[in-house]
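Asks:
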Amino acid sequence: RANERDDAARLDELRRVFAALSSRGELILRGGGSINDVDEDENNDAGGKKSGKDVKSKWSAYLRRKHAEFLSQLSEAVAAGRKSALRTYCGVVASSPRLENGIA
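Quick note on numbering: the sequence shown equals residues 1 to 104 in our numbering.
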């Protein structure tokens with residue numbers, strides 16, 4: 001029972017982190033995304049340093065991948081019948097709108 005409470009607290013903390021990243025514009029979810037939906041652009045500017053846009057793009061792709069993994073973990077927990085996971089899942093969906101053509 002304590003493990004379930006600890007896991008529920010961990011999942012809720014992750015939900016808050018992803019919500020904060022989304023509200024700051026660091027996590028931008030796009031429609032139809034999946035765990036493998038990653039921007040893989042290796043273009044560098046002169047001198048071999050990555051441009052700010054490239055770094056931001058990679059960070060956003062990393063966050064989208066981790067968000068998809070988080071949803072997958074929640075889905076598994078919901079399927080296992082954990083009520084706390086269902087509450088967290090609903091909170092994630094509510095706080096993480098997907099964008100279609102730039103519109104939530």
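Backbone N, C-alpha and C fix where the C-beta goes; we use that ideal spot for every residue, glycine too.
Owing to the predicted nature of the structure, the values given are computational and were not obtained by experimental measurement.
Which residues mark the beginning and the end of the alpha helix (DSSP H) in which Ser96 is found?
Replies: Where Ser96 is concerned, there is no enclosing alpha helix (DSSP H), given that its DSSP letter is neither H nor E.
Asks: By DSSP, does Leu27 sit in helix, in strand, or in coil?
Replies: Correct three-state label for Leu27: coil.
Asks: Could you check the C-alpha separation between Ser95 and Ser22 for me, to the nearest Å?
Replies: So the two alpha carbons sit approximately 8 Å from each other.
Asks: Quick check on Asn43: buried or exposed, where buried means 16 or more other Cβ atoms within 10 Å of its Cβ?
Replies: Residue placement at Asn43 is poorly supported in this model, since its pLDDT is 44, which falls under 50; the coordinates still yield a value, given next. Exposed.
Asks: Tell me which same chain residues have a C-beta within less than 6 Å of the C-beta of Ala77, skipping the five on either side of it?
Replies: Cβ neighbours of Ala77 beyond the five flanking positions: Ala85.
Asks: Sorted by chain position, which residues of the same chain lie with C-beta nearer than 7 Å to Leu71's C-beta, five sequence neighbours on each side aside?
Replies: Val92, listed in sequence order.
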